[in-house]
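The numbering of the sequence shown is the numbering used here, which starts it at 50 and goes up by one. Note that CB positions come from ideal geometry on N, CA and C, so glycine has one too. Please read these numbers as outputs of a predicted model, since none were measured by experiment. Below is one structure, written out as structure tokens, with a few remarks after it.
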Amino acid sequence: MSGKRIGFASAIGFGGSTVGTLYRSMSDQQAEEALRAAYDAGLRYFDTAPLYGYGLSELRFGRFLRSVPRESFTLSTKVGRYLVPPRGETVDQGIWANALPLKPVFDYSYDGTMRSFEQSASRFGFASFDILYIHDADRFNHGAHYDRIFGQAMDGCYRALDELRSAGDIRAIGVGVNESDVATRFLRAADFDAIMIAGRYTLLQQDALTDLVPEATAKGVELVAVGVFNSGILAASAANAAGSTYNYGSIPPEIAEKARKLREVCDAHTVPLQAAAIQFPLRQPAISAVVIGMGSAKEVAQNNEWAKWPIPPALWADLRSAGLLRADAP
50 MSGKRIGFAS AIGFGGSTVG TLYRSMSDQQ AEEALRAAYD AGLRYFDTAP
100 LYGYGLSELR FGRFLRSVPR ESFTLSTKVG RYLVPPRGET VDQGIWANAL
150 PLKPVFDYSY DGTMRSFEQS ASRFGFASFD ILYIHDADRF NHGAHYDRIF
200 GQAMDGCYRA LDELRSAGDI RAIGVGVNES DVATRFLRAA DFDAIMIAGR
250 YTLLQQDALT DLVPEATAKG VELVAVGVFN SGILAASAAN AAGSTYNYGS
300 IPPEIAEKAR KLREVCDAHT VPLQAAAIQF PLRQPAISAV VIGMGSAKEV
350 AQNNEWAKWP IPPALWADLR SAGLLRADAP
């Protein structure tokens with residue numbers, strides 16, 4: 050292992066999916082205001098991906114981040130997809146309300162990784178990045194093809210990223226996936242610096258304690274927690290919880306009940322559920338940062354308030370005694 054800490058410039062990061070028009074449209078000006086508010090509030094870790102708005106998020110990040118000192122923030126994006134003109138093909142924009150008119154192409158090969166890196170550098174206007182994550186090489190995205198994709202990612206993406214790291218074009222190599230056992234498999238296969246794990250170390254789920262956290266701790270690999278609201282259910286108000294989502298889908302009854310109980314304990318301590326959701330992952334020593342998608346200056350202010358909300362130790366003790374947290378969760 051490289052043995053070097055990445056040194057995230059802030060423990061709370063700004064995630065780029067929302068400014069890429071995840072679920073709702075957003076103007077360039079609104080995106081600029083959100084990014085400026087985050088920077089002014091002290092957030093110094095910015096993470097995005099070519100997928101977000103099919104290049105739109107990277108363009109908006111680059112436009113803003115070129116206006117502030119490069120050494121003042123940590124920047125990460127992802128590889129595993131590049132973008133091409135559709136050339137008459139109809140492109141499904143999916144969850145993106147107003148994506149750019151480009152077509153994302155999965156490609157975990159060596160050449161595809163270099164192409165993705167070069168395209169991202171052009172959109173940002175930067176020659177290098179702090180972290181490049183291998184993106185979505187997991188069962189959630191590839192189903193029965195996952196094993197083949199894992200092999201491609203190791204033979205192609207990893208080889209390319211290792212060259213870029215050795216050349217100083219990137220500081221660190223990471224993996225961003227949705228399952229903790231997949232992340233652990235990557236960790237055991239090669240020399241990674243960071244793992245971005247989505248929705249598997251949250252108030253609702255601590256699956257990562259079984260395999261990923263011990264492996265990362267043993268190897269000195271830093272973890273970044275994303276999806277800390279499990280895509281919506283932990284961010285919604287009590288009145289809107291039933292209409293929110295869980296891991297981008299409908300909410301199973303047992304999850305809805307657990308979320309209700311989590312809210313009850315938080316209410317008893319006068320702590321917003323959202324504050325506990327943001328702060329909980331950072332109690333785990335292996336986790337260096339939490340990344341949250343934010344789409345307005347108002348959302349930035351609200352998340353920043355929750356991130357700093359005073360939480361009494363008794364809250365965590367009560368959650369554990371109620372069986373709502375794993376006993377081995379710090």
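Under 8 angstroms between C-beta atoms of residue i and residue j
| i | j | result |
| --- | --- | --- |
| Asp-367 | Val-314 | yes |
| Phe-278 | Ala-284 | yes |
| Arg-375 | Gln-201 | no |
| Val-262 | Gln-328 | no |
| Ser-177 | Asp-218 | yes |
| Val-128 | Ile-183 | yes |
| Arg-164 | Tyr-131 | yes |
| Leu-272 | Ser-337 | yes |
| Ser-169 | Thr-126 | yes |
| Arg-249 | Ala-257 | yes |
| Leu-71 | Tyr-103 | no |
| Ile-282 | Ser-293 | yes |
| Glu-384 | Phe-166 | The question about residue 384 has no answer here: the residues shown for the chain are numbered 50 through 379. |
| Tyr-101 | Gly-65 | yes |
| Tyr-295 | Ile-304 | yes |
Start and end residues, beta strand (DSSP E) containing residue i
| i | result |
| --- | --- |
| Tyr-297 | No beta strand (DSSP E) holds Tyr-297; DSSP gives it neither H nor E. |
| Glu-271 | 271–275 |
| Tyr-182 | 178–184 |
| Phe-155 | 152–155 |
| Arg-130 | 130–133 |
| Ser-337 | 336–342 |
| Ile-219 | 219–226 |
| Gly-143 | Gly-143 -> no beta strand (DSSP E), and no H or E assigned at all. |
| Gly-62 | 61–64 |
| Ala-58 | No beta strand (DSSP E) contains Ala-58, which DSSP labels as neither H nor E. |
Anticipated Cβ contact below 8 angstroms, residue i with residue j, distance rounded
| i | j | result |
| --- | --- | --- |
| Asp-179 | Leu-124 | 5 angstroms |
| Ala-290 | Ala-308 | 6 angstroms |
| Val-340 | Asp-96 | 5 angstroms |
| Leu-181 | Leu-210 | 6 angstroms |
| Ser-229 | Asp-260 | 6 angstroms |
Which listed residue (the options) has its alpha carbon closest to that of residue i
| i | options | result |
| --- | --- | --- |
| Asp-204 | Arg-214, Ala-257, Gly-161, Ser-177 | Gly-161 |
| Val-133 | Pro-99, Thr-126, Arg-119 | Pro-99 |
| Ala-146 | Ala-363, Thr-319, Arg-73, Leu-374 | Arg-73 |
| Val-140 | Gly-129, Val-154, Val-128, Lys-127 | Val-154 |
| Tyr-88 | Ala-325, Phe-63, Gln-79 | Phe-63 |
| Phe-343 | Gly-248, Asn-352, Phe-199, Tyr-295 | The sequence shown places Met at residue 343, not Phe. Looking at the Cα atoms, Asn-352 is the closest of the given residues. |
| Pro-359 | Tyr-131, Arg-369, Ala-326 | Ala-326 |
| Glu-138 | Ala-148, Lys-152, Arg-130 | Lys-152 |
| Phe-175 | Tyr-159, Val-226, Leu-114, Glu-82 | Leu-114 |
| Ile-61 | Lys-357, Pro-362, Pro-379, Arg-369 | Lys-357 |
| Lys-53 | Lys-268, Arg-136, Trp-355, Pro-302 | Lys-268 |
| Ser-116 | Leu-331, Glu-81, Asp-240, Glu-306 | Glu-81 |
| Leu-252 | Thr-67, Tyr-195, Arg-369 | Arg-369 |
| Gly-111 | Asp-77, Ala-90, Gly-91 | Asp-77 |
| Ile-55 | Ile-244, Val-320, Ala-216, Glu-264 | Ile-244 |
First and last residue of the uninterrupted alpha helix (DSSP H) at residue i
| i | result |
| --- | --- |
| Ala-86 | 77–89 |
| Asp-367 | 362–370 |
| Met-163 | 159–173 |
| Tyr-195 | 195–201 |
| Arg-327 | In the sequence as presented, Arg is not what sits at residue 327; that position holds Ile. That run of the alpha helix (DSSP H) goes 322–328. |
| Phe-241 | Looking at the DSSP string, Phe-241 is not in any alpha helix (DSSP H), and its letter there is neither H nor E. |
| Phe-189 | 188–191 |
Cβ-based neighbour list, residue i, same chain, cut-off 6 angstroms, excluding 5 preceding and 5 following
| i | result |
| --- | --- |
| Trp-365 | none |
| Arg-93 | Ala-58, Ser-59, Phe-122 |
| Arg-231 | One detail in the question is off: residue 231 reads as Val in this sequence, not Arg. Contacts found: Asp-187. |
| Arg-214 | Ile-222 |
| Ala-86 | Ala-346, Val-349 |
| Ala-247 | Asn-227, Val-275, Gly-276 |
| Gly-69 | Tyr-101, Gly-102, Leu-105, Ser-106 |
| Arg-109 | Val-68, Ala-80 |
| Leu-84 | Phe-113 |
| Lys-379 | Here residue 379 is Pro; the residue named in the question, Lys, does not match the sequence. Here the set comprises Arg-332, Gln-333. |
| Tyr-31 | Missing from the structure shown is residue 31; the chain here goes from 50 to 379 and no further. |
Chain-order list of residues whose beta-carbon lies under 8 angstroms from that of residue i (same chain, five-residue window excluded)
| i | result |
| --- | --- |
| Arg-312 | Ala-287, Ala-290, Leu-322 |
| Lys-310 | Ala-371, Leu-373 |
| Thr-266 | Pro-334, Ala-335 |
| Ala-363 | His-318 |
7 angstroms Cβ shell around residue i - same chain, five flanking residues per side excluded
| i | result |
| --- | --- |
| Ile-198 | Tyr-157, Ala-186, His-191 |
| Ala-324 | Trp-355, Trp-358, Ile-360 |
| Val-320 | Trp-358, Ile-360, Leu-364 |
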